[in-house]
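For reference, the structure is listed below as structure tokens.
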Amino acid sequence: MAQAQANAVSEEEIPENFEEKIARDVMVIFQKQMDLEAAAAEASAYIWQNTGTPEKVSSFVDATELLLESHAVADKFAALSWNGLANQSAGNDDYDSFLRMMIDSILDGYYTLLKPDIEYKSRKYSTYTSILGNTFIRMVELNVSYAENASTIFSILVRHEMDLEAKSKAEEEETGHSSFPSEMHKLFDELIEYLTNRAEYKATPLTGDEDNPNEHIEILAERLRSARRYVMQEVINERALEKRKQLELELENQLASAEEIVMAAPHFTEGMAFFAQEKRFNLKYLAVEKIRVTLQLLGSITGAVYFLLGFMGVWGISWIDGLVVCAVMLIFVRIAGSRKQLRFFYPTDISKELEECSTAFISVMRNMSQEQLEHFLVRQIKLDENQKYLSMVPEFVKYLYAVMPDRKSMMISLDELTEVVENSEIEVAKQMRGQ
């Protein structure tokens, strides 16, 4: 019902001197009611019904200013109305929303410099600072227990201003500029400074050791400081928790899925077989090369010996025959002992296949957690296809890390990978012992 009435009011234009009417009607409500609690409830309902929209909530703030300026009697009605709204907000979402809407309106007016500054003890403060500060002071002067509601309203201010600052920083990072004037003093800080200034009291020779009459303001300022610390720490903790949840979600999204790991398993098995062959490639290649070079040397030496025998005329061999035999042998060993003729004896180079399998698995391995990689290697060690290559499993993992581009993007650190390799060596030893 209250929401419908508020919506109906929001469709109308704000009448002239509307804030004066609000201030006058609130004052009348409190004057005609003997029971303060009933008067506060009635005033809260009136305020909500007539100013409970974003367009008109500022009129109530202006009405509060008018009530505070009439220090004689009416300023207490500003404090009572705010206290009543705070009490009603504890069990009613409408009034809670109104309080938050009112704080947003005050912040908007503060940062857009909607009202001129005031001067107090040679220091300038925003008019909104004086409205909040004087209202809280009057609340405490009426009843010390009202400080709890002042702290509640101030806590809403701190939270909303911190949210506004965070939103503006995000906007600045995204667009390069922000509508939030970050160089301005925060309203909740200025409010505490204002209250601290109001609480200052210097005894004069005429007053002697008289107690500070502003002690209640000093206590209020300290209470609001405590509320500020609590709310700021609470907001920081909430943001840290939210950031951690976001990072965990991003991490979870980056982790390799079970399907990806299953699809990558054949590449690991095949790649390990290629890796084992590639490790033996150099040994086989060098063995064939030794034979080929030996044959070429023997042929060349034989030709050189015939040439020398012919040159010296030994055994009836002429130098022409020796020269011909030498030339023939040199040509023969170059052709018969070439790599092309012995290609069937050379091992097959499977470096390309190894690279393809390694690349296919590395793309998944990069996103695997330590636990995922350990479980995967344990399964690979127990596969029948890998039994003849068991000793190569830890070494193959090291090879994959060595050829991995941009290792910093791995989900696990080098220390974690080292631990995984060490655990795989233990599992390999157990498997080879038949355990």
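Under the numbering used here, residues 15 to 449 are what the sequence shown spells out, in order. Beta carbons: idealized from backbone N, C-alpha and C, even for Gly. No experiment lies behind these values; they were computed from the predicted model shown.
Cβ pair residue i, residue j closer than 8 Å
i	j	result
Ser73	Ile36	yes
Leu238	Ser165	yes
Ala55	Leu94	no
Tyr215	Tyr139	no
Ala290	Tyr403	yes
Glu367	Phe288	yes
Ile167	Arg212	no
Ala57	Gly105	no
Met153	Asn163	yes
Val378	Ala272	no
Ile117	Ile170	yes
Leu146	Leu205	yes
Leu82	Asp89	yes
Thr283	Leu397	yes
Met425	Ser383	yes
Leu80	Glu133	no
Pro195	Tyr142	no
Thr149	Ala92	yes
Asp108	Trp62	yes
Arg173	Val249	yes
Glu430	Ile395	no
Ser523	Arg380	The requested residue 523 does not occur in the structure, where the chain is confined to residues 15 to 449.
Val87	Tyr60	no
Where residue i falls: helix, strand or coil (DSSP)
i	result
Glu69	coil
Asp177	helix
Ser240	helix
Ser140	strand
Ser372	helix
Arg348	helix
Ile250	helix
Asp49	coil
Ile426	coil
Arg258	helix
Asn64	helix
Asn226	coil
Pro408	helix
Glu399	helix
Ser159	helix
Ser383	coil
Pro419	coil
Ile152	Contrary to the premise, residue 152 reads as Arg rather than Ile in this sequence. Residue state, collapsed to three classes: helix.
Pro29	coil
Ser169	helix
Ser314	helix
Arg447	coil
Ser271	coil
Rounded Cβ spacing between residue i and residue j (contact assumed at less than 8 Å)
i	j	result
Val347	Gly313	3 Å
Met286	Met406	6 Å
Ala235	Thr210	5 Å
Ser438	Val411	7 Å
His281	Ala180	At roughly 45 Å, the Cβ-Cβ gap does not stay under 8 Å, so His281 and Ala180 are not in contact.
| query | Any chance the stretch 387 to 400 sits against the stretch 429 to 448, with 3 or more Cβ pairs inside 8 Å? | reply | The count of Cβ pairs closer than 8 Å, one atom from the stretch 387 to 400 and one from the stretch 429 to 448, reaches three, so the stretches are in contact.
| field | the stretch 118 to 133 contacting the stretch 195 to 209, beta-carbon criterion three pairs below 8 Å | value | Contact between the stretch 118 to 133 and the stretch 195 to 209 is established, with three or more Cβ pairs separated by less than 8 Å.
| message | Could you tell me which whole alpha helix (DSSP H) segments of length 4 or greater appear in the stretch 78 to 138? | response | Within the stretch 78 to 138, the alpha helix (DSSP H) runs of at least 4 residues that lie entirely inside it are, in chain order, 89 to 103 and 107 to 125.
| said: Whether or not the stretch 337 to 345 and the stretch 365 to 385 are in contact is what I'm after, with contact meaning three or more pairs of Cβ atoms, one per stretch, closer than 8 Å; do they touch? | reply: Counting C-beta pairs with one atom in each stretch, the stretch 365 to 385 and the stretch 337 to 345 have fewer than three that are closer than 8 Å, which means they do not touch.
| field | Segments assigned alpha helix (DSSP H), at least 4 residues, entirely inside the stretch 185 to 221 | value | If one requires a minimum length of 4 residues, the alpha helix (DSSP H) runs lying completely within the stretch 185 to 221 are 201 to 213, in chain order.
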